[in-house]
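Numbering (this note's numbering), first residue to last: 489 to 841.
Positions of the beta carbon are idealized from the N, C-alpha and C atoms, including for glycine.
This structure is a prediction, so every number in the text was calculated from the model and none was measured.
What follows is a single structure, written as structure tokens, with notes after it.
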Amino acid sequence: ASKFQDLVKILISHHPSGLLAAPLRTPEGKIVGILTLDAPTAGATPSRENLALIELFLPYAALTLENLMLIENLAKAKKELKQYADQLEQKVEERTRELKEMHDKLLKAQRMAVIGELAGMVGHDLRNPLTSIAGAAYYLKRRLSQLGDEKVIEMLDLIERNIAYSNKIVNDLLDFSRDVKLDITETNPEEVVNGALAAVQIPSNIEVVKLVDKKPKIRADFEKLKRIFVNLIRNAVEAMPKGGTLTIKSVKKGDSVEFTVSDTGIGMTEEVMKKLWTPLFTTKAKGMGLGLAICKRFVEAHGGTITVESAPGKGATFTVTLPLEPKIEEEEEGGEKIWIKMLESSLLTTTKT
């Protein structure tokens with residue numbers, strides 16, 4: 489009632505010539521509005537009959553206004569309820585998607601764990617017979633080379649090449665199944681790249697452009713870095729069966745050094761690039777699809793990153809970024825420091841005996 493009286497005073501102050509004001513009150517006594525008539529009878533006082541008619545109108549006007557307010561509030565509530573329902577549905581969808589992704593990752597981790605253990609067992613079981621075969625082939629080659637039978641020597645060379653290839657597979661299986669331990673030494677980009685190039689046979693129809701400096705000095709596992717670039721260089725060579733240009737660069741960027749290995753080969757689709765780091769994924773007729781997965785493990789073990797850019801028919805560029813000092817943890821084992829990096833991204837569990 490006080491609000492009504494205050495409002496009437498304000499209205500009168502703005503309408504000094506005459507104003508008729510009446511509250512719109514519901515049967516429960518709630519004021520929902522005010523009915524005002526500005527100078528209803530040209531300054532004259534309204535008659536009782538006029539006031540009676542107005543009083544009869546007031547309850548109906550109050551009920552009508554209250555119903556309109558209720559309808560408006562109901563529409564607002566329904567709108568808010570729909571928004572909440574949409575938000576809830578969206579959150580349920582997001583949570584369902586997250587749970588599915590977690591479930592898929594768990595299944596992948598379990599598969600990778602089994603593959604890792606199997607890889608370790610197979611690698612160990614194959615190494616001994618391969619060593620025996622290699623020794624026997626070497627002995628036969630020395631004894632039979634005196635006979636001058638070129639066909640026999642050719643077959644023994646074939647055996648040796650396939651033994652070397654099989655040993656590479658064994659080494660990949662063992663690397664894939666084991667934790668990454670780094671033997672940290674001081675080296676530099678040129679030394680790493682030269683070591684990798686010396687280990688790969690480059691065809692004569694491929695031009696090698698090497699823009700690599702001796703600086704900066706980096707602390708890393710030289711052999712593992714060499715393995716990384718041997719793999720990237722071999723992949724680049726295989727991507728250019730008709731020849732092309734292999735470009736290897738290095739540049740210091742802050743506390744890191746960035747390597748790029750580029751080829752002018754056949755390139756890759758977006759779909760292939762998404763699966764490129766997945767263990768056992770390969771587009772080659774030969775190979776197990778472990779090379780790039782192992783490269784990624786070795787790079788991440790140093791606290792670095794490896795990425796790829798490519799398009800069909802436009803070659804590929806692999807970028808390896810390594811910190812000058814490996815960002816890994818030191819642990820004590822047998823009184824000596826060793827560098828160990830346990831990688832969650834590898835999705836592997838191994839058992840040491």
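Item to check | Backbone CA spacing between ILE794 and LEU670 [nearest angstrom] | outcome: Counted from its first residue, the sequence shown places residue 794 at position 306. Counted from its first residue, the sequence shown places residue 670 at position 182. So the two alpha carbons sit approximately 18 angstroms from each other.
Next on the checklist: Let me confirm a value: PRO814 is counted as buried when at least 16 other C-beta atoms fall within 10 Å, else exposed. Which label applies?
Outcome noted: Position 326 of the sequence shown, counted from the start, is the residue given in the question as residue 814. So PRO814 counts as buried.
Checklist entry - Mind checking ASN561: buried by the 16 CB within 10 Å criterion, or exposed? => result Translated into the one-based positions of the sequence shown, residue 561 becomes position 73. The C-beta of ASN561 has fewer than 16 other C-beta atoms within 10 Å across all chains shown, which makes the residue exposed.
Next on the checklist: What does the alpha-carbon distance come out to for the pair CYS783 and VAL680?
Outcome noted: Working through the sequence shown from its first residue, we reach residue 783 at position 295. Working through the sequence shown from its first residue, we reach residue 680 at position 192. Looking at the two C-alpha atoms, the distance is approximately 14 angstroms.
Item to check | Where the beta strand (DSSP E) containing GLU797 begins and where it ends | outcome: The residue you call residue 797 lines up with position 309 of the sequence shown. In the DSSP assignment, GLU797 falls within the unbroken beta strand (DSSP E) covering 793 to 798.
Checklist entry - Cα separation between SER834 and GLN689? => result Locating residue 834 in the sequence shown gives position 346, counting from the first residue. Locating residue 689 in the sequence shown gives position 201, counting from the first residue. Residue confidence is low: SER834 scores 38 on pLDDT, short of 50, so the model does not pin down where it sits. Its coordinate-derived value is still stated next. Each residue's alpha carbon lies about 30 angstroms from the other.
Checklist entry - Taking THR735 as the reference, which of LEU699, ALA708, GLU759, ILE706 has the closest Cα? => result Against the sequence shown, residue 735 aligns to sequence position 247. Among LEU699, ALA708, GLU759, ILE706, the Cα nearest to that of THR735 belongs to LEU699.
Checklist entry - Just how far apart, CA to CA, sit GLU711 and ALA724? => result Walking along the sequence shown from the start, residue 711 turns up at place 223. Walking along the sequence shown from the start, residue 724 turns up at place 236. Rounded to the nearest angstrom, the two C-alpha atoms are 20 angstroms apart.
Next on the checklist: From the DSSP secondary-structure annotation, give me the bridge partner or partners of THR735.
Outcome noted: Numbered from its first residue, the sequence shown carries residue 735 at position 247. Answer is VAL697, SER750.
Next on the checklist: Quick check: LEU618 and ILE651, are their CB atoms within less than 8 angstroms of each other?
Outcome noted: By one-based count along the sequence shown, residue 618 stands at place 130. By one-based count along the sequence shown, residue 651 stands at place 163. It is a contact, given that the beta carbons lie within the stated cut-off.
Checklist entry - Helix or strand or just coil, what does DSSP make of GLY521? => result What you label residue 521 is simply residue 33 of the sequence shown in a count that begins at 1. The answer is strand: DSSP assigns GLY521 an E or B state.
Item to check | Residues bridged to PRO511 (per DSSP) | outcome: Looking up residue 511 in the sequence shown gives position 23. According to DSSP, PRO511 bridges with ILE522.
Checklist entry - Got a sec, what are the start and stop residues for the alpha helix (DSSP H) GLU711 sits in? => result As a working note, residue 711 is residue 223 in the sequence shown. Its alpha helix (DSSP H) spans residues 710 to 726.
Checklist entry - Tell me the DSSP bridge mates of ALA573? => result Counting from one through the sequence shown, the residue named residue 573 turns up at place 85. In the DSSP secondary-structure assignment, ALA573 is not bridged to any residue.
Item to check | Reduced DSSP secondary structure (H/G/I, E/B, other) of GLU678 | outcome: What you label residue 678 is simply residue 190 of the sequence shown in a count that begins at 1. GLU678: helix per DSSP, three-state reduction.
Next on the checklist: In the DSSP assignment, the beta strand (DSSP E) including VAL808 goes from what residue to what residue?
Outcome noted: In the sequence shown, counting from the first residue as 1, residue 808 sits at position 320. 804 to 811 is the span of the beta strand (DSSP E), which, as asked, contains VAL808.
Item to check | Unbroken alpha helix (DSSP H) run spanning LEU780, endpoints | outcome: For the purposes of this step, residue 780 is taken as the residue at position 292 of the sequence shown. Note, LEU780: alpha helix (DSSP H), 779 to 789.
Checklist entry - Which of the three DSSP states, helix, strand or coil, is assigned to VAL745? => result Here residue 745 refers to the residue found at position 257 when the sequence shown is read from its first residue. Residue state, collapsed to three classes: strand.
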